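Residue numbers (my numbering): 363 to 546. Glycine included, every Cβ here is placed at the ideal spot set by N, Cα and C. All values derive from a computational prediction rather than experimental measurement. Notes to accompany the following structure.
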């Protein structure tokens, strides 16, 4: 009934695997197309995209070659988000003149023993060229069960700090401090 080799077509399959048609030849590596801004060429490209059923239609910014990598089809969503972010970044950076200088300081101290770390402390301070400063300090001691986390933001000599302290009993105390500011 199934032929001499147990196959319905009488064809031997020595490996025991179902034979599959070979994949169509796809070009290896990126495909680079030069896009023209002429109306005639746009109509030809749009017609070609419609004929091929190409769902990828990218907005063009100037006379830039279009590069498509066939292996990255799964990352289309990520690529679109990146392009959107890039356009928004360009728009934002051209809207307002901004200074590009800043200062960054960071330090971390950890003490430990045979059972791992028992005390850790870290401080980070970022100051932009326009005078805005953000400072964050964290401290934790597992031997006492206490921890402190403080975030401060300020412009010049004025600012605001929020401090959260965890006591050994598990209570959390929150304190806000205004520096050179009047509340009200």
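Counting only the same chain and skipping the five closest in sequence on each side, list residues whose C-beta sits under 7 Å from that of residue i.
i	result
residue 331	In the structure as shown, the chain starts at 363 and stops at 546, and residue 331 therefore has no counterpart that could be examined.
residue 466	488
residue 533	none
By DSSP's criteria, residue i is part of a beta bridge. Which residues make up the other side?
i	result
residue 468	486
residue 495	489, 516
residue 473	481
If you drop the 5 nearest sequence neighbours on each side, which residues of the same chain put their C-beta closer than 8 Å to that of residue i?
i	result
residue 479	472, 473, 504
residue 543	520, 521, 522
residue 493	517, 518
residue 476	none
Give me, in chain order, the residues of the same chain whose beta-carbon lies closer than 6 Å to that of residue i; leave out the 5 immediate sequence neighbours on both sides.
i	result
residue 525	512, 537
residue 527	510, 535
residue 468	486
residue 484	470, 500
residue 506	530
residue 502	482, 509
Confirm, please, whether the CB-CB distance from residue j to residue i is below 8 Å.
i	j	result
residue 508	residue 530	yes
residue 482	residue 498	no
residue 516	residue 539	no
Please determine whether the Cβ atom of residue i lies at a distance below 7 Å from any heavy atom of the ligand ADP.
i	result
residue 513	As for the ligand ADP, it is missing from this structure, which has no ligand bound.
Q.
Suppose only complete runs of 3+ residues qualify. What are the beta strand (DSSP E) ranges in the segment 508-543, listed by chain order?
A. 508-517, 520-528, 534-541
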